[in-house]
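Contents: one structure, followed by commentary.
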Amino acid sequence: MTAREYLSQAYLLEQRIASDIRKAESVRALASSLSLPAADTVRVSASPSGEASFIRILEKAEAIEERIAAEVNLLLNLQEQMERVIRTVPGEDLRLILSYRYMEHRTWPEIAESLHISRNTARARHETALSRIILPEDLIDISGPAGNNVLPAAAW
Numbered sequence: 024m025t026a027r028e029y030l031s032q033a034y035l036l037e038q039r040i041a042s043d044i045r046k047a048e049s050v051r052a053l054a055s056s057l058s059l060p061a062a063d064t065v066r067v068s069a070s071p072s073g074e075a076s077f078i079r080i081l082e083k084a085e086a087i088e089e090r091i092a093a094e095v096n097l098l099l100n101l102q103e104q105m106e107r108v109i110r111t112v113p114g115e116d117l118r119l120i121l122s123y124r125y126m127e128h129r130t131w132p133e134i135a136e137s138l139h140i141s142r143n144t145a146r147a148r149h150e151t152a153l154s155r156i157i158l159p160e161d162l163i164d165i166s167g168p169a170g171n172n173v174l175p176a177a178a179w
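With this note's numbering applied, the sequence shown covers 24 to 179.
Structural data, given as structure tokens:
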């Protein structure tokens, strides 16, 4: 894994969490739109197990929320590790560029303006900063099987 790939992981994980939050909200909205059958009505089950459909939807929502919690925990650990890695880069200007780009997700024009330099200078310093990164041996990698499936597939 390159330094750029490593540092880009936080943004990708944040996007995955945002997507999962939208899924959870959608499933919760669906679950809340269903109502329990009245006690005096005949209940016809839609599933062979006799379980009401809203129960399955609530279970799915819970599984998504557990996944979100695990992903948020992973993101916090990744961000903490990334901050430590960035702090080891020599030169405050190089550390600032990495922090702005990967921790704050700023654009090149925003970085250049903040540092009062041109975009080309910002990009050149960014490349220099990346070349000086030493990745930790225990780096968090969300691209592998464990990172893509924070919860076991059975939880889905």
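Beta carbons are placed, not taken as given, at the ideal position from N, Cα and C, and that holds for glycine.
Judging by CA-CA distance, which residue of Asp164, Met24 and Leu36 is the nearest neighbour of His128? Leu36
Output the boundary residues of the alpha helix (DSSP H) element that contains Pro113. No alpha helix (DSSP H) holds Pro113; DSSP gives it neither H nor E.
Could one say the Cβ of Asp43 lies closer than 8 Å to chain D's Cβ atoms, at least one of them? As a matter of chain content, chain D is missing from the structure shown, which is built from one protein chain.
CB of Val108 within 8 Å of CB of Ile156, strictly: yes
As assigned by DSSP and simplified to three states, the class of Pro132: helix
State yes or no: is the C-beta of Arg142 within less than 8 Å of the C-beta of Trp131? yes
Alpha-carbon spacing of Lys46 relative to Leu81, whole angstroms: 12 Å
Is Leu98 closer than 8 Å to Ile44 when the C-beta atoms are compared? no
Buried or exposed: where does Gln32 fall if 16 or more other Cβ atoms within 10 Å of its Cβ makes it buried? buried
Through-space distance from Ser49 to Arg90, alpha-carbon basis: 15 Å
Report back the beta-carbon spacing between Arg124 and His149 to the nearest angstrom; my notes put them in contact at under 8 Å. 6 Å
Within 10 angstroms of the Cβ of Ala180, are there 16 or more other Cβ atoms? Answer buried if so, exposed if not. Given that the chain is displayed from residue 24 to residue 179, the structure contains no residue 180 and the question cannot be resolved.
Decide if Ala152 is buried, meaning its Cβ has at least 16 other Cβ atoms within 10 Å, or exposed. buried
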